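Remarks on the structure that follows.
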Ligand code: ATP
Ligand code: MG
C-alpha cells in the first residue's frame, strides 16, 4: 500500500500570513501530499525571551487561514505539550499517533532551513522525516550548503524547492499593525479581522 504523505508546517504563526500559505501550497502540490498539518508552536525554542501572542490566538488565526483548503488542517499537538516545542518530539509523537503507513515532509522557509544545524536531535529527526526547503534564486546556495553540511543523509532527506517565497514576515506584519499601516492582502481577511477584534499586536 502506498504511504500517506503528510506535510508538516511548523511555526510560531504570530500571525500566519500568505508567505506561509504559499510555500505550504507549493510543497503540497509538488510532492503530491495527502494533507498538510499546520502546527503552531507553544514556546518557540528558537525565540527565547521573545514575547509571542497567546497560543490560543495563534491557533485560531491558523485555523481561520486554512479552513478553506480541503487538505490543510491545524494540530494543537505542540500547544498541549508543556515547555519548548522541539520538532523532534513533535514528529516522534506524530509517528506514534499515525503509524508507519505515513511519510512526513517537514516544510521550511529559507531562514528556518539555514538554522537546521542548530535544531535539537536534528540527526535523528532526519531519520524520521524529509525536509522540503523553499528557495528563491538568491537563496538556493544557502540551502545547498545546509544539505552539504549533513552529507549523504542531507542529500537523501533535504530537498530544495523553488517557490514564490514572498518577502513577508510576521515580525514585519506586527510592526505594520503597530504603526497603523495596511496589512490587506498580506494575510487572509479573516485573520486581519480577528486581529482587529481581539486587539492583538
Ligand atoms: P517571525 O518574523 O516572527 O520570525 P515568520 O514570518 O518568520 O515570523 P514563523 O512562524 O517564524 O514566521 O515561520 C514558520 C515557517 O515559515 C518557517 O519555516 C519560516 O522559514 C517560514 N516562513 C516565514 N515567512 C515566510 C515567507 N515569507 N515565505 C516562505 N516561508 C516563510
Ligand atoms: Mg521566522
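Numbering (my numbering), first residue to last: 904 to 1104.
Backbone N, C-alpha and C define an ideal beta-carbon position, used for all residues, glycine too.
Owing to the predicted nature of the structure, the values given are computational and were not obtained by experimental measurement.
Residue i (DSSP reduced to helix, strand or coil)
i	result
residue 978	coil
residue 946	strand
residue 912	strand
residue 959	helix
residue 1103	coil
residue 920	coil
residue 939	strand
Of the listed residues the options, nearest to residue i (C-alpha basis)
i	options	result
residue 931	908, 921, 922, 953	908
residue 980	1043, 998, 1068	998
residue 904	922, 1003, 1030	1003
residue 940	1005, 954, 957, 1102	1005
residue 976	952, 964, 1085, 1042	964
residue 1058	1073, 915, 1009, 1034	1034
residue 952	987, 937, 978, 972	987
residue 957	989, 1000, 918	918
residue 913	1073, 942, 1092, 972	942
residue 1046	1070, 1031, 1065	1065
residue 937	923, 906, 924	906
residue 1041	1026, 1031, 1070, 1051	1070
residue 1031	1007, 1086, 1074, 1079	1007
residue 973	928, 989, 982	928
residue 1104	1078, 1039, 982, 935	1078
Straight-line Cα distance separating residue j from residue i
i	j	result
residue 1024	residue 993	12 Å
residue 1049	residue 1056	11 Å
residue 967	residue 960	11 Å
residue 1022	residue 921	25 Å
residue 1081	residue 1098	11 Å
residue 962	residue 1018	24 Å
residue 1157	residue 978	Any answer about residue 1157 is impossible in this case: the structure gives the chain only from 904 up to 1104.
residue 991	residue 1016	15 Å
residue 1088	residue 1000	36 Å
residue 949	residue 1014	12 Å
residue 933	residue 1101	36 Å
Anticipated Cβ contact below 8 Å, residue i with residue j, distance rounded
i	j	result
residue 1028	residue 1053	Between residue 1053 and residue 1028 the Cβ distance is about 11 Å, and since that is not below 8 Å, they are no contact.
residue 945	residue 984	7 Å
residue 926	residue 1009	Not confirmed; about 12 Å, so no contact.
residue 1043	residue 1063	6 Å
residue 1012	residue 1068	7 Å
residue 955	residue 915	6 Å
residue 1036	residue 1076	That belief does not hold up - the Cβ atoms of residue 1036 and residue 1076 are roughly 22 Å apart, past 8 Å.
**OP:** Please list the segments of the alpha helix (DSSP H) lying wholly inside the segment 991 to 1055, counting only runs of 4 or more residues, in order along the chain.
**Re:** 1013 to 1017, 1025 to 1031, 1043 to 1052
Subject >> Sequence-ordered residues whose beta carbon comes within less than 6 Å of a heavy atom of the ligand NAD >> reply: Here the bound small molecules are the ligand ATP and the ligand MG; the ligand NAD is not part of this structure.
Subject >> Whole beta strand (DSSP E) elements within the segment 1054 to 1082, 3-residue minimum >> reply: 1061 to 1065
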